[in-house]
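**Student:**
Protein chains: 2
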Amino acid sequence: MSPAVFIDALQNELQHTQYGQHPPELYDPIRYIMNLGGKRMRPLLTLMATYLFTDDWRKAVRPALGVEVFHNFTLMHDDIMDQAPLRRGQLTVHEKWNGNIAILSGDVMLVNAYQLLLNIESDKLAPALARFSRTAAEVCEGQQMDMNFETRWDVTEAEYIDMIRLKTSVLLGYALELGGLIAGADEETTRHLYEGGMNIGVGFQLKDDLLDVYGDPTKFGKQVGGDIIANKKTFLLIEALQQAKGSVKDELTDWLTRTDFDKGEKVQAVTSIYDQLGIRQLTEARINDYFTRGFANFDQVKADSDRKNVLIQFARQLVERES
Amino acid sequence: MSPAVFIDALQNELQHTQYGQHPPELYDPIRYIMNLGGKRMRPLLTLMATYLFTDDWRKAVRPALGVEVFHNFTLMHDDIMDQAPLRRGQLTVHEKWNGNIAILSGDVMLVNAYQLLLNIESDKLAPALARFSRTAAEVCEGQQMDMNFETRWDVTEAEYIDMIRLKTSVLLGYALELGGLIAGADEETTRHLYEGGMNIGVGFQLKDDLLDVYGDPTKFGKQVGGDIIANKKTFLLIEALQQAKGSVKDELTDWLTRTDFDKGEKVQAVTSIYDQLGIRQLTEARINDYFTRGFANFDQVKADSDRKNVLIQFARQLVERES
Numbered sequence: 201m202s203p204a205v206f207i208d209a210l211q212n213e214l215q216h217t218q219y220g221q222h223p224p225e226l227y228d229p230i231r232y233i234m235n236l237g238g239k240r241m242r243p244l245l246t247l248m249a250t251y252l253f254t255d256d257w258r259k260a261v262r263p264a265l266g267v268e269v270f271h272n273f274t275l276m277h278d279d280i281m282d283q284a285p286l287r288r289g290q291l292t293v294h295e296k297w298n299g300n301i302a303i304l305s306g307d308v309m310l311v312n313a314y315q316l317l318l319n320i321e322s323d324k325l326a327p328a329l330a331r332f333s334r335t336a337a338e339v340c341e342g343q344q345m346d347m348n349f350e351t352r353w354d355v356t357e358a359e360y361i362d363m364i365r366l367k368t369s370v371l372l373g374y375a376l377e378l379g380g381l382i383a384g385a386d387e388e389t390t391r392h393l394y395e396g397g398m399n400i401g402v403g404f405q406l407k408d409d410l411l412d413v414y415g416d417p418t419k420f421g422k423q424v425g426g427d428i429i430a431n432k433k434t435f436l437l438i439e440a441l442q443q444a445k446g447s448v449k450d451e452l453t454d455w456l457t458r459t460d461f462d463k464g465e466k467v468q469a470v471t472s473i474y475d476q477l478g479i480r481q482l483t484e485a486r487i488n489d490y491f492t493r494g495f496a497n498f499d500q501v502k503a504d505s506d507r508k509n510v511l512i513q514f515a516r517q518l519v520e521r522e523s
Numbered sequence: 201m202s203p204a205v206f207i208d209a210l211q212n213e214l215q216h217t218q219y220g221q222h223p224p225e226l227y228d229p230i231r232y233i234m235n236l237g238g239k240r241m242r243p244l245l246t247l248m249a250t251y252l253f254t255d256d257w258r259k260a261v262r263p264a265l266g267v268e269v270f271h272n273f274t275l276m277h278d279d280i281m282d283q284a285p286l287r288r289g290q291l292t293v294h295e296k297w298n299g300n301i302a303i304l305s306g307d308v309m310l311v312n313a314y315q316l317l318l319n320i321e322s323d324k325l326a327p328a329l330a331r332f333s334r335t336a337a338e339v340c341e342g343q344q345m346d347m348n349f350e351t352r353w354d355v356t357e358a359e360y361i362d363m364i365r366l367k368t369s370v371l372l373g374y375a376l377e378l379g380g381l382i383a384g385a386d387e388e389t390t391r392h393l394y395e396g397g398m399n400i401g402v403g404f405q406l407k408d409d410l411l412d413v414y415g416d417p418t419k420f421g422k423q424v425g426g427d428i429i430a431n432k433k434t435f436l437l438i439e440a441l442q443q444a445k446g447s448v449k450d451e452l453t454d455w456l457t458r459t460d461f462d463k464g465e466k467v468q469a470v471t472s473i474y475d476q477l478g479i480r481q482l483t484e485a486r487i488n489d490y491f492t493r494g495f496a497n498f499d500q501v502k503a504d505s506d507r508k509n510v511l512i513q514f515a516r517q518l519v520e521r522e523s
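Chains as they are written, first to last, in my numbering: chain A, 201 to 523; chain B, 201 to 523.
1. Which residue marks the beginning of the alpha helix (DSSP H) containing aspartate 409 of chain B, and which one marks its end?
2. Ignore the nearest five residues each way along the sequence and tell me which others in phenylalanine 514 of chain A's own chain have a CB closer than 7 Å to its CB.
3. If we cut at 8 Å on Cβ distances, does aspartate 307 of chain B have a partner in chain A?
4. Spatial neighbours of alanine 469 of chain A within its chain, please: CB distance less than 7 Å, with the 5 preceding and 5 following residues excluded, ordered by chain position.
5. Taking a cut of 7 Å between CB atoms, which residues from the region 308 to 335 of chain B lie near chain A?
6. What are the residues that DSSP puts in a beta bridge with arginine 287 of chain B?
7. So for alanine 430 of chain B, helix, strand or coil by DSSP?
8. Closest to isoleucine 303 of chain B by C-alpha separation, out of B:Leu286, B:Leu329, B:Leu275 and B:Leu318, would be which residue?
9. Using the beta-carbon of each residue, which ones in chain B are nearer than 8 Å to glutamine 344 of chain A?
10. From the DSSP output, in three-state form, read off threonine 356 of chain A for me.
11. Alanine 337 of chain B versus chain A: which residues are under 7 Å apart at the beta carbon?
12. Since histidine 277 of chain B meets chain A, which of its residues come closer than 8 Å, beta carbon to beta carbon?
13. Applying the 10 Å Cβ sphere with the 16-neighbour rule, what's the burial state of leucine 286 of chain B?
14. On the three-state DSSP scale, how would you describe tryptophan 297 of chain B?
15. Find out if the Cβ-Cβ distance for the pair phenylalanine 273 of chain A, alanine 313 of chain A is shorter than 8 Å.
16. What is the DSSP secondary structure of phenylalanine 461 of chain B, counted as helix, strand or coil?
17. Using a Cβ-Cβ cut-off of 7 Å (strictly less than) and excluding sequence neighbours within five positions of proline 417 of chain A, which residues of its own chain qualify?
18. Would you say methionine 398 of chain A lies against chain B (beta-carbon separation less than 8 Å)?
19. State yes or no: is the C-beta of alanine 209 of chain A within less than 8 Å of the C-beta of valine 261 of chain A?
20. Count the other CB atoms within 10 Å of the CB of aspartate 504 of chain A; is the residue buried (16 or more) or exposed (fewer)?
21. So is aspartate 346 of chain B buried or exposed if we call it buried at 16+ other beta carbons inside 10 Å?
22. Chain B beta carbons: is any one of them nearer than 8 Å to that of asparagine 272 of chain A?
23. Helix or strand or just coil, what does DSSP make of arginine 521 of chain B?
24. Could you tell me whether any Cβ in chain B is nearer than 8 Å to the Cβ of methionine 248 of chain A?
25. Give the single residue among A:Asp354, A:Arg288 and A:Ile382 whose Cα lies nearest to the Cα of lysine 239 of chain A.
26. With the cut-off set at 8 Å, would you say glycine 379 of chain A and threonine 246 of chain A are in Cβ contact?
27. Tell me, please, whether the CB atom of methionine 234 of chain B is closer than 8 Å to any CB atom in chain A?
28. Out of A:Val355, A:Arg331 and A:Asp412, state which residue places its alpha-carbon closest to the alpha-carbon of leucine 376 of chain A.
29. Measure the Cβ-Cβ separation of isoleucine 479 of chain B and alanine 440 of chain B and say whether it is below 8 Å.
30. Quick one: residues in its chain with C-beta nearer than 8 Å to the C-beta of glutamine 442 of chain B, no 5 flanking neighbours on either side, listed in chain order?
31. For phenylalanine 404 of chain A, which of A:Glu484, A:Leu482 and A:Val519 has the nearest alpha-carbon?
32. Just checking: is the beta-carbon of glutamate 341 of chain B within a distance shorter than 8 Å of some beta-carbon in chain A?
33. If you follow the alpha helix (DSSP H) that arginine 365 of chain A is part of, which residue opens it and which one closes it?
34. Give the secondary structure of asparagine 235 of chain A by DSSP, where H, G and I count as helix, E and B as strand, and everything else as coil.
35. Between which two residues does the alpha helix (DSSP H) harbouring asparagine 272 of chain A extend?
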């Protein structure tokens, strides 16, 4: 089975999903954000996990789309909170319409996510929704922690990992767990899938932080150094703040507190501090650690090896991405 | 059975419900808004409807609280959208904390509502959640319509009734329907309960509009005439705008467009226009019509007459309220 079959099934369902019609201000933003594209990573993981244990993976398509709708709901609300002007190169919903519409459309999207998840067979519905609800609350917890970190300079590595685990990774873990649940896999198996998704997810987010500084500008989609310019509290900056001593610490603090600076110069200077402190190697080691743990979790999942390879190849692509 | 037993059971559950702990900025606002009080009308309706058909009404307590949490979620988000400074005489969440926290806490509340509803027995879970989700989406549709009406002067009576039906009444209908569903009542019965709640709900909201103008100032909690001062598009104003002709129409339009006016004078003048047009009688007739239809729906519900009386007495109190 090629991933293209899963992608086609998802695209087909995406095109046929009716979120609602009236009033249009409520439902047009949902269609808009769902059509902005994206890798559809989460629902693909769900379908691949279902396919591990059953040929009838199509019964997971609508619930998988529920996970994608939930993810896009979090993007719509996060963009309001972050006052982000653009999402995937297009205007964010609160910019194209307004803040109130972005709040209310997002609310309906969260309801829509549950509506899609209600297509899970009734004997599996309660546990699947309980785990989804716990995960959804955790994603909100992660977003709140992320906002709290903006005004703190003493965020520890452990706190940061906990934040990205909640904000990003638990949903990747749940996407895989859901696939297993729908296919009727046992508890041990769904736990391995969840842990695998979570570990890959943490590695994935740390790689995001790394690429922002050390990515190849010809391959990386965004401006290299964007996080440095914005003083974004990434894994790299948190490590540097904890490890820098003496004059290096002073220089880093100086760059973080300057209000008037040349962007290129700041990126170069902070990157050079990271280089001196060996932050790149340290981050790469942590990324590899999480990816290794994730693939070890997948190793524990008992399933047909050809089917497992579809999932593992897909995870490898996520791991090896350059953008 | 006295309603006090239901109220006690709800209060007890309210006190023991854990919404979550960390980070506190996310969960403190939930405890705050849930502790502001209120009539707990919706969960009481659920418990009374369950009690119509079974002694085991306590199994409905947690799902009933889910409806109350959902209702308070809508208040938290509506207050952001309406920029309301106060809710039940206390600071609104976005004023006491900030807008971002009110968005995100509200999001978790919607998840919490589903978590409480997951306590419905598994054989009834899927239909109960499907109907809840449809209702939740409709409440959002009603709120969007309400916002759209703010900038329109040509809102028809039918559009207005449709808006309050969605924004307020469907949730009262669902609260009763849910009680029936949990008790295992048949489809015809739950439909009568839903329709009854919906009709009472529309009457209830129209009475709110009426009391704002014709309420007894010594009994009405808010300032009489508040809606007139704010040009709020109520049933009374919409009727007056449609019925006024000639000089009366000119006078009404004049009051609606003045930016500088004496509040008492405006309230007196607009009320006098309503009097001339017979708006009070017309509104009272519509309220009675909806209440009559609601009680007729309840008449169709086949249940023990003592148990039905508990529900009907409670509905009468809602109907006869002066504040």
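Glycine is no exception: its CB is placed at the ideal position from the N, C-alpha and C atoms.
None of these values were measured; they are calculated from a predicted model.
**Tutor:** Answer, in terms of the structure:
1. 387 to 414
2. Cβ neighbours of phenylalanine 514 of chain A beyond the five flanking positions: Pro203, Leu244 and Met248.
3. yes
4. Trp455
5. Val308, Leu310, Val311, Tyr314, Gln315, Leu318, Ser322, Leu325, Ala326, Leu329, Ala330 and Ser333
6. B:Gln290
7. coil
8. B:Leu275
9. Pro223, Glu225, Leu226, Ile301 and Leu304
10. coil
11. Gly220, Val308 and Val311
12. Scanning chain A for C-beta atoms nearer than 8 Å to the C-beta of histidine 277 of chain B yields Ile303, Leu304 and Asp307, reported in chain order.
13. exposed
14. coil
15. yes
16. Here phenylalanine 461 of chain B sits in coil by DSSP.
17. Excluding residues within five positions, the ones whose Cβ falls inside 7 Å are Val424.
18. no
19. yes
20. Counting Cβ neighbours within 10 Å, aspartate 504 of chain A comes out exposed, since fewer than 16 surround it.
21. The residue in question, aspartate 346 of chain B, is buried, as its Cβ has 16 or more Cβ neighbours within 10 Å.
22. no
23. coil
24. Contacts with chain B at 8 Å (Cβ-Cβ) do not include methionine 248 of chain A.
25. A:Arg288
26. yes
27. no
28. A:Arg331
29. yes
30. Thr356 and Glu357
31. A:Val519
32. yes
33. Run containing arginine 365 of chain A: none; DSSP gives neither H nor E here.
34. Residue state, collapsed to three classes: coil.
35. 261 to 281
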